[in-house]
Amino acid sequence: MKRFSANYIFPVNGHPIKNGIVVVNDNNIIVDVIDPKGDVLELESMEFHNGVIVPGFVNAHCHIELSHLKKKLDNSAEGIAGFVSQIRTLRASTEFEIQKSIKQALSALDDNGTVAVGDICNTTDSFLLKQTSKIYFHSFIEVFGLLPSEAELRYQNAKSLLNDALLVNKSSSLTPHATYSISDKLWNFISNELSKTESTVSIHYGESMQEYAFLKDRTGVLAENFKDLGIADGIASNTTPFEIVKKYLPKQNPTLFIHNTFVQRDEIKSIMSHFKSPFFVLCPSSNLFIEGKLPNVPLFIEEGACLAIGTDSFASSNTLSVFDQILILLERFPILTFNEVNRWATLNGAKALNIESVFGSFEKGKKPGLNLITNFDFGQMRPMAQSRVKRLI
Ligand SMILES: [Zn+2]
6 MKRFSANYIF PVNGHPIKNG IVVVNDNNII VDVIDPKGDV LELESMEFHN GVIVPGFVNA
66 HCHIELSHLK KKLDNSAEGI AGFVSQIRTL RASTEFEIQK SIKQALSALD DNGTVAVGDI
126 CNTTDSFLLK QTSKIYFHSF IEVFGLLPSE AELRYQNAKS LLNDALLVNK SSSLTPHATY
186 SISDKLWNFI SNELSKTEST VSIHYGESMQ EYAFLKDRTG VLAENFKDLG IADGIASNTT
246 PFEIVKKYLP KQNPTLFIHN TFVQRDEIKS IMSHFKSPFF VLCPSSNLFI EGKLPNVPLF
306 IEEGACLAIG TDSFASSNTL SVFDQILILL ERFPILTFNE VNRWATLNGA KALNIESVFG
366 SFEKGKKPGL NLITNFDFGQ MRPMAQSRVK RLI
């Protein structure tokens, strides 16, 4: 049995507790959360820390296998179109380099207090190393392809990759890449597969204005790039990202909408009324890198949307730390409180990945991990730029 205390405990399922104590057993499972009503209790085998203690972070969107692209991409190129074409050319790397960078990324995630990750996979590169980590992973096996003639092959390849993933990690499922990168023919395969399961779906959504322009009337840089490559024909035009997800994604499956940088109020309303369990995942450091813009976060709060946090990959972000994303959001949107953003980074992410029975909050029977945040501003009740996070258990 161990007891952890700090100036404040943020249990997430309730108010912050001054001088609160989290009691865990030898397996790090929570057995009690004590509110000493402000007093500092001196208990046996208790560690008191200066700072605040929060549950382990859940990173709802990452691509571990792209870790070798750290600092290799140029963000002065044309938004998402520039990003997509650079990924295409830079993806090839040596096996040694790829495995080494994945290993480093896994230890960075652990150091930054991450306990669970929704991880997008296009290859087997990360499968074995992830199994050696104490972090929980859900592997989303991603499908994309605009050429109708390749639809069946793309789908079969993804199914075969999914089978490989399931051999090492039961928590793996098929997922579509984005609204602008899948032919109608391929969508039919994906849609049929997803509707047979209850698995969580993750889709890149509203990341760029080019996505809207491409789907509407084939204008914009993304459309031009695809045209140059001869691959813009397999998807109906005069449509919108919402019409695509409405048409092809089963509404009962929990769905993670990733990025949402250009999503407007009507779109939030439409998604929330159509889908049974939608989560809007924010990846601020990646959004700033690719588009130099953040989603209109207050809009999502006004509409009562469920928000979670991701980092995206080292290709578009210099950090895989969820805490760094919290700092960006609090700095850019002073209206937000740490208490609510911390909820997005913990319990909401756990709900999004369907693992809230174990992760996301300090509740008896859970094993959420404990993170200590130091240099906390107790006057404003929020972390500062110089705050640091450290995993306690
Ligand atoms: Zn992504």
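Residue numbers (my numbering): 6 to 398. Each residue gets a CB set at the ideal place from its N, CA and C atoms; glycine is no exception. Computed from a predicted structure; not experimentally measured.
| Item | Value |
| --- | --- |
| Exposed unless 16 or more other CB atoms sit within 10 angstroms - verdict on residue 399 | No information on residue 399 is available, as it lies outside the stretch 6 to 398 that the chain covers here. |
| Residue 255 versus 338, 316, 224 and 197, residue with shortest Cα-Cα distance | 197 |
| Start and end residues, beta strand (DSSP E) containing residue 395 | 387-396 |
| beta-carbon residue 143 near ligand 1 non-hydrogen atom, thresh 8 Å | no |
| Nearest-angstrom beta carbon gap, residue 184 and residue 250 [assumed within contact, 8 Å] | 6 Å |
| Span of the alpha helix (DSSP H) around residue 116 | 100-116 |
| Assigned exposure category for residue 45 - 16 Cβ within 10 Å defines buried | exposed |
| Expected contact under 8 Å - CB spacing of residue 107 and residue 69 to nearest Å | 6 Å |
| Check: residue 314 C-beta below 8 Å from any heavy atom of ligand 1 | no |
| Of the residues 212, 150 and 189, the one placed nearest residue 295, counting alpha carbons only | 212 |
| Unbroken beta strand (DSSP E) run spanning residue 8, endpoints | 7-14 |
| Three-way DSSP call (helix, strand, coil) for residue 354 in this model | helix |
| Assigned exposure category for residue 175 - 16 Cβ within 10 Å defines buried | exposed |
| Local Cβ density within 10 Å of residue 157, reported as buried at 16 or more and exposed below that | exposed |
| For residue 375, three-class secondary structure by DSSP | strand |
| Supposed close pair residue 368, residue 33 - CB separation, criterion 8 Å | Actually they do not touch by this definition, with Cβ atoms about 14 Å apart. |
| beta-carbon residue 73 near ligand 1 non-hydrogen atom, thresh 8 Å | no |
| Three-pair Cβ contact test at 8 Å for the segment 48-66 versus the segment 109-123 | yes |
| Contact test: residue 124 Cβ vs ligand 1 heavy atom, cutoff 8 Å | no |
| Bridge partners - residue 67, DSSP secondary structure assignment | 124 |
| Residues of its chain near residue 389, where Cβ-Cβ distance is below 7 Å and the 5 sequence neighbours each way are ignored | 380 and 382 |
| Ligand 1 heavy atom lying under 8 Å from the CB of residue 318 | yes |
| Reduced DSSP secondary structure (H/G/I, E/B, other) of residue 131 | coil |
| Where the alpha helix (DSSP H) containing residue 163 begins and where it ends | 156-173 |
| Residue 363, DSSP secondary structure in three states | coil |
| Selection from 30, 276, 320 and 49 that minimises the alpha carbon distance to residue 305 | 276 |
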